[in-house]
Amino acid sequence: MRLSVAVIGAGSWGTTVASIAAHNCPTVLWARDPSLAEEINTQRTNTRYLGTARIGRDLRATSSMADAVGGADVVLMGVPSHGFRATLEQVRDHIRAWVPVISLAKGLEQDSLLRMTEVVNQVLPGHPAGVLSGPNLAREIMSGFAAASVVAMEDETIVRELQAVFRSKIFRVYTSQDVVGCEVGGAMKNVIAIAAGMGDGLGVGDNTKAAVITRGLAEITRLGVAMGGLPHTFAGLAGLGDLVATCASKQSRNRCVGEQLGKGRTIDEICADMHMVAEGVKTSRVVMTLAAKYGVEMPIAREVYRVVHEGSRPSQAYRGLLRVAPGSELDPG
């Protein structure tokens, strides 16, 4: 029996994942805006988030949460972290018992410092929670380029069933039971991508950018392991893979935010011009709180935080990184 899938959130990634799932299972995409649902159903496009990319006719969109969720066997949450809890509370009114809930978000809740699966456990206790994460640029996948990802959940039986929901000729999905590692990697890479983008804006060169990405991965791993993630997760798709794609791609919102900062624009000016969320802006604040909580040194994340939230200049940030005394590359601090 094929699973029925509900995808909540019709942004670029939510629409892309829904399009993938629709090839394998009956899938409904929930859009907050009724006009967007109408566009997807009639024009087979989502121009606001995906430009001219065509959406297959096997995907149906709706603006009714009851319609989307009521008959679903699995719910995929494709809304940003800042709206995750409120949207999940709407889902709670319609979801059937024990239906798995998979997060597509790559961020952390601001006030509580919770990962998205922890929010699911609070709002929907008893519902198995998991995450889909990896180097997945939505427009590339919609254009037919191959990609790979990881679906993580503690229950190995359920996660293998979910693997079939996402599998396609161009989208390869691996399984993991390291939910913590996959979520931390997905959230933290956005902060490091802002740092890499600042380097692009400043014109620091590829050697410097490579150093920032590599040492950024070390910071992600230190924090992730301290929070309970497994070290090998951060060398995989949800760690290194996602980090490289986000730091290198012109399509990466977080890298673009950093690049504009490096060119002298303020964070307020940049965010005012964006209609999609750059999760790293808010995540940088949460990460510094978590770093203090777990006693982890994160100099790159700290410099990003100072630029984004304290008015430091990107040039000062890069000078600050050069003042950090290097130790052994394998040093945990």
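Going by my numbering, the first residue of the sequence shown is number -11, and it counts up by one from there. No residue lacks a Cβ here, since even glycine has one placed at the ideal position from N, Cα and C.
Judged by their CB atoms, Lys94 and Ala206 are not nearer to each other than the 7 angstroms cut-off.
Going by DSSP, Val63 is part of no alpha helix (DSSP H) but of the beta strand (DSSP E) stretching over Val62 to Met65. Taking a contact to require three or more Cβ pairs closer than 8 angstroms, the region 175 to 185 and the region 258 to 276 qualify as touching. Taking 7 angstroms as the cut-off, the beta carbon of Ile129 is found no closer than this to the beta carbon of Thr15.
For the 7 angstroms CB-CB criterion, Ala54 and Trp18 do not form a contact.
The beta carbon of Glu77 lies closer than 8 angstroms to those of Val111 in the same chain, with the five residues before and after it left out. In the structure shown, the three-state DSSP call for Trp18 is strand. A residue is called buried once 16 or more other Cβ atoms fall within 10 Å of its Cβ, and Arg(-10), having fewer, is exposed. Among the bridge pairs identified by DSSP, Ile182 is matched with none. Here Ala279 carries a helix assignment [DSSP, helix/strand/coil]. Secondary structure of Arg155 (DSSP, three-state): coil. In the three-state scheme derived from DSSP, where H, G and I count as helix and E and B as strand, Thr33 is classed as coil.
Using a Cβ distance threshold of 7 angstroms, Leu102 and Asp166 do not count as a contacting pair.
Asn124 is classed as buried because its beta carbon has at least 16 other beta carbons within 10 Å across all chains shown.
Residue environment for Trp86: exposed (fewer than 16 other C-beta atoms within 10 angstroms of its C-beta). Beta bridge pairing from DSSP links Ala140 with Val119 and Ser164. A Cβ-Cβ separation of about 6 angstroms places Ala184 in contact with Lys197 under the 8 angstroms criterion. Under the DSSP assignment, Leu47 falls in the beta strand (DSSP E) whose first and last residues are Leu47 to Thr50. Relative to Ala152, the option among Val192, Ala9 and Gly(-3) whose CA is nearest is Ala9.
The C-alpha of Ser91 is placed about 22 angstroms away from the C-alpha of Leu24. Under DSSP, Val(-5) takes part in a beta bridge, and its partners are Leu17 and Leu64. Note that the C-beta distance between Ile146 and Pro116 is below 7 angstroms. Here the region 155 to 169 lies against the region 133 to 145, with 3 or more beta-carbon pairs under 8 angstroms apart. Taken in chain order, the unbroken stretches of alpha helix (DSSP H) that lie wholly in the region 225 to 293 and span 4 residues or more are 230 to 236, 241 to 250, 255 to 260 and 267 to 282. Ala134 carries a coil assignment under DSSP once its states are collapsed to helix, strand and coil. When the Cα atoms are used, Gly114 and Pro88 turn out to be separated by approximately 9 angstroms. With a threshold of 16 other beta carbon atoms within 10 Å, Asn195 falls short and is exposed. Cβ neighbours of Gly308 within its own chain (closer than 7 angstroms, five residues either side excluded): Glu291.
Straight-line spacing of the CA atoms in Ile28 and Ile43 works out to 7 angstroms. Gly122 places its beta carbon less than 7 angstroms from that of Ser137.
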